[in-house]
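As given, the protein sequences belong to chains F and V, one line each in that order.
The first sequence begins at 122 in the numbering used here and counts up one residue at a time.
The second sequence begins at 2 in the numbering used here and counts up one residue at a time.
For glycine and all other residues, C-beta sits at the position ideal for the given N, C-alpha and C.
In this text, all values refer to a predicted model and were calculated from it rather than measured experimentally.
The next block holds one structure in the form of structure tokens; read it before the comments.
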Amino acid sequence: ISLDLNTNPFDRNFPDKLPKKEVKVSTSADLERKWLVKDESASELREELNRVNSENKKLTEMLATVCEKYYALHSHLEKLQSRQSPEMDQTEQPTKKRKQDTDELLGFPIGLGSGKTENSSSNEDHHQHEQKNQLLSCKRPVVTDSFNKAKISTVYVPADSSDTSLTVKDGYQWRKYGQKVTRDNPSPRAYFRCSFAPSCPVKKKVQRSAEDPSLLVATYEGTHNHLGPNAFEGDATSQVGSSTVTLDLVNGGGGHRLALEKNERGTMQDVLVQQMASSLTKDSKFTAALAAAISGRLLEQSRT
Amino acid sequence: STTSALVDELKRVNAENKKLTEMLTLMCDNYNVLRKQLM
């Protein structure tokens, strides 16, 4: 049995020996070409897909950056606004809202990556509205929390139970701007702001302790941006050289650590007086004038 | 079938791209408005 298929390519007459089968061969070549074209288009599609995907990634990163900047700016604006209208009650409310908004923000990128297709152009308005809502709902992210954090300290001051003035003698001058009754405490809470407001942002809440009515609880928010109180001004809510006994619950971890806080105001004044006196005694003209004045006075007194 | 799947995926990613671009534009607008408010 011969296995020769007459497909010897070296045979010059070979093409003539394949009269009609040539058509078949050409069809399979076409198919092959078609497959190649398909493969090319598939690879092109893959390339395009990769390109768009990387573009998507870049866009997502850019959006995240812009969002972050927007929120930082937003929190800064809010901070400025709260300085302009310092309402103590309003500073408490956003804390709850902030947490809620933060949660919403955490859900925000998931929405981006959901991969929902929106091909219908009739839905574009609705789509844009949805996007606006999405963007507006993600106000105040975690970033703003550290941004707005003000130093808060609590001071416990012993006070006579008959005293209803809610005055804490801490050496600074305060202006009372509000009072309200809270649910958790029958004693009203008084709100003060530093007399240097609005340049000084410090605020103070004073309320009699619910656990121990012999104590007043003063909560300070912020840090004074000026020296101690002026000695030549005085009002009912300030006294010079007072000292307060503080019970630090914030840093003490519930250990009820007692610490004696000396007011720095008296110290500051003493230092100033000493500096003034030393500079005057060094001035020879001043000492001469002072000696002359004293001797003159003494002479007058001796004459009379 | 692979090609059609690729085409579908490309459509989806393109739509997402469009959405992201719109959101970015919107966010930039918001940012600029806020910036103007602060200035």
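- Neighbours of L194/F in chain V, taken as residues at a C-beta separation under 8 Å, are given in chain order as Y32, L35, R36 and L39.
- The beta carbon of V173/F sits closer than 7 Å to some beta carbon of chain V.
- Residue-level contact check: T4/V touches chain F, since one or more beta carbons of chain F fall below 7 Å from its beta carbon.
- Listed as beta-bridge partners of Q300/F by DSSP are A311/F.
- The DSSP-derived three-state label of K325/F is strand.
- Q328/F counts as buried, since at least 16 other C-beta atoms from the protein chains shown sit within 10 angstroms of its C-beta.
- Residue-level contact check: N306/F does not touch chain V, since none of the beta carbons of chain V fall below 7 Å from its beta carbon.
- With at least 16 other beta carbons inside 10 angstroms of its own, G292/F counts as buried.
- Taken in chain order, the members of the region 152-167 of chain F whose beta-carbon sits within less than 7 Å of a beta-carbon on chain V are K159, S162, A163, L166 and R167.
- Of the candidates P279/F, R314/F and A331/F, the residue whose Cα lies closest to the Cα of E342/F is R314/F.
- With respect to chain V, the C-beta atom of V187/F has a partner C-beta closer than 7 Å.
- Not flagged as an interface residue toward chain V: L411/F, since no C-beta distance is shorter than 7 Å.
- At a C-beta separation below 7 Å, E199/F has no neighbours in chain V, since its nearest C-beta there lies roughly 11 Å away.
- For L184/F, a Cβ of chain V is located within less than 7 Å of the residue's own Cβ.
- With three or more CB-CB distances shorter than 8 Å, the region 324-340 of chain F counts as touching the region 293-308 of chain F.
- Between the C-alpha atoms of L25/V and R172/F there is a straight-line separation of about 19 Å.
- The C-alpha of L184/F is placed about 19 Å away from the C-alpha of R13/V.
- Under the DSSP assignment, L25/V falls outside any beta strand (DSSP E), being part of the alpha helix (DSSP H) whose first and last residues are T3 to L39.
- As the crow flies, the alpha-carbon of V158/F is around 58 Å from that of M40/V.
- Around the beta carbon of W295/F, 16 or more other beta carbons sit within 10 angstroms, so the residue counts as buried.
- Per DSSP, reduced to three states, the secondary structure at L337/F is strand.
- When secondary structure is reduced to three states using DSSP, Y191/F falls in the helix class.
- Taking the beta carbon of N177/F as reference, the chain V residues within 7 Å of it are V14, E17, N18 and L21, listed in sequence order.
- Counting only residues of its own chain and dropping the five nearest sequence neighbours on each side, K301/F has a CB closer than 7 Å to the CB of P309 and R310.
- Distance check between Q205/F and each of Y298/F, P319/F and A409/F places P319/F closest, using alpha-carbon atoms only.
- Residue contact check for Y191/F against chain V: a CB pair falls below 7 Å.
- For a Cβ distance threshold of 8 Å, residue set L11 of chain V lies close to E169/F, ordered along the chain.
- Residues of chain V whose Cβ lies closer than 7 Å to the Cβ of T285/F do not exist; the shortest such Cβ separation is about 44 Å.
- CA-CA distance, E176/F to V323/F, rounds to 48 Å.
- The Cβ of L180/F sits closer than 7 Å to at least one Cβ of chain V.
- Assigned with DSSP and collapsed to three states, V158/F falls in helix.
- Here H195/F is buried: its Cβ has 16 or more other Cβ atoms, across all protein chains shown, within 10 Å.
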